[in-house]
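Residue numbers (the working numbering): 298 to 576.
From the three backbone atoms N, C-alpha and C, an ideal C-beta is built for every residue, glycine too.
Everything on this sheet refers to the single structure shown next.
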């Protein structure tokens, strides 16, 4: 059975408000990205424990750590970033989740805007991701790579290149159709078919042809067809809401309680129409 989750910092910076809205929407999991406007990796050990206890008391489990790992230029200090990555592993362990959302690095700082040649830094990206995958394997966690705009793996071809090159059960793929649309890629069937062998996680947002964000089913992602195909192929993982309806920033988006509820209800309506049970 699929399980619904959410980037609940899209609701509010306040944890209690996040939980209240999730409960009202019958969503039992969270992709923990930030609380109190503090990134999940910058929370103290005590804060992480307090958050875990509060979530558990509210009937909310942690589906994934929504980390910013890999959202740095490829030529920034990898040693420093590995320290941050190790923190992500420790946080995942403390929150009892096996998943850490990551990215595949921006172009080098020296590149001028629009002039980047991804092939020039491909090998370094793969080397960095291989080291992180090795550490994830040793720790017993799984990295899930999001196809975010402007990182190395933002297109279908480069995402598949990463997945094939790393070829490890601890480095898997997030399907984010709206992100593909923002990179002029076709999310379904093209991206779905190409990345299906590594599919581990699904992010739900939608985008209209004019670039504005929309609830699932009102944009160009073809969510009805994607959900039908996921069900046909036996997908039984997490489907996480990340609607970005009010704002979309480099490190997080925001919707607010009312727009988040609209996004939640749109997704759940699609699932009910196809009689796909979820938890």
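Compute the Euclidean distance between the alpha carbons of residue i and residue j, then round it to the nearest angstrom.
| i | j | result |
| --- | --- | --- |
| residue 490 | residue 457 | 11 Å |
| residue 552 | residue 540 | 7 Å |
| residue 347 | residue 521 | 38 Å |
| residue 327 | residue 359 | 5 Å |
| residue 428 | residue 438 | 14 Å |
| residue 416 | residue 320 | 45 Å |
| residue 394 | residue 434 | 14 Å |
Compute the distance between the beta-carbons of residue i and residue j, then report whether it is under 8 Å.
| i | j | result |
| --- | --- | --- |
| residue 487 | residue 453 | yes |
| residue 564 | residue 538 | yes |
| residue 527 | residue 567 | no |
| residue 418 | residue 345 | no |
| residue 549 | residue 306 | yes |
| residue 498 | residue 396 | yes |
| residue 298 | residue 532 | no |
Counting along the chain, where does the beta strand (DSSP E) carrying residue i start and finish?
| i | result |
| --- | --- |
| residue 343 | It is not in any beta strand (DSSP E) - residue 343 instead sits in the alpha helix (DSSP H) that spans 342-354. |
| residue 324 | That residue, residue 324, is in no beta strand (DSSP E); it is neither H nor E in DSSP. |
| residue 362 | 358-362 |
| residue 557 | Per DSSP, residue 557 belongs to no beta strand (DSSP E); it is in the alpha helix (DSSP H), 553-570. |
Keeping to the same chain, check which residues put their C-beta closer than 6 Å to that of residue i; ignore five residues upstream and five downstream.
| i | result |
| --- | --- |
| residue 506 | 517 |
| residue 384 | 338 |
For residue i, I'd like the list of residues in its chain whose CB is within less than 7 Å of its CB, leaving aside the five on either flank, ordered along the chain.
| i | result |
| --- | --- |
| residue 363 | 304, 328, 329, 330, 337 and 398 |
| residue 511 | 503, 504 and 505 |
| residue 343 | none |
Am I right that residue i and residue j are in contact with their C-beta atoms under 8 Å? What's the rounded C-beta distance?
| i | j | result |
| --- | --- | --- |
| residue 316 | residue 301 | Contact doesn't hold; Cβ gap of about 15 Å is too wide. |
| residue 361 | residue 441 | 7 Å |
| residue 322 | residue 558 | 6 Å |
| residue 351 | residue 312 | 6 Å |
| residue 402 | residue 425 | 7 Å |
For the alpha helix (DSSP H) holding residue i, just list the boundary residues, first then last.
| i | result |
| --- | --- |
| residue 302 | Where residue 302 is concerned, there is no enclosing alpha helix (DSSP H), although the beta strand (DSSP E) it sits in stretches over 300-303. |
| residue 537 | Not the alpha helix (DSSP H): residue 537 falls in the beta strand (DSSP E), residues 535-538. |
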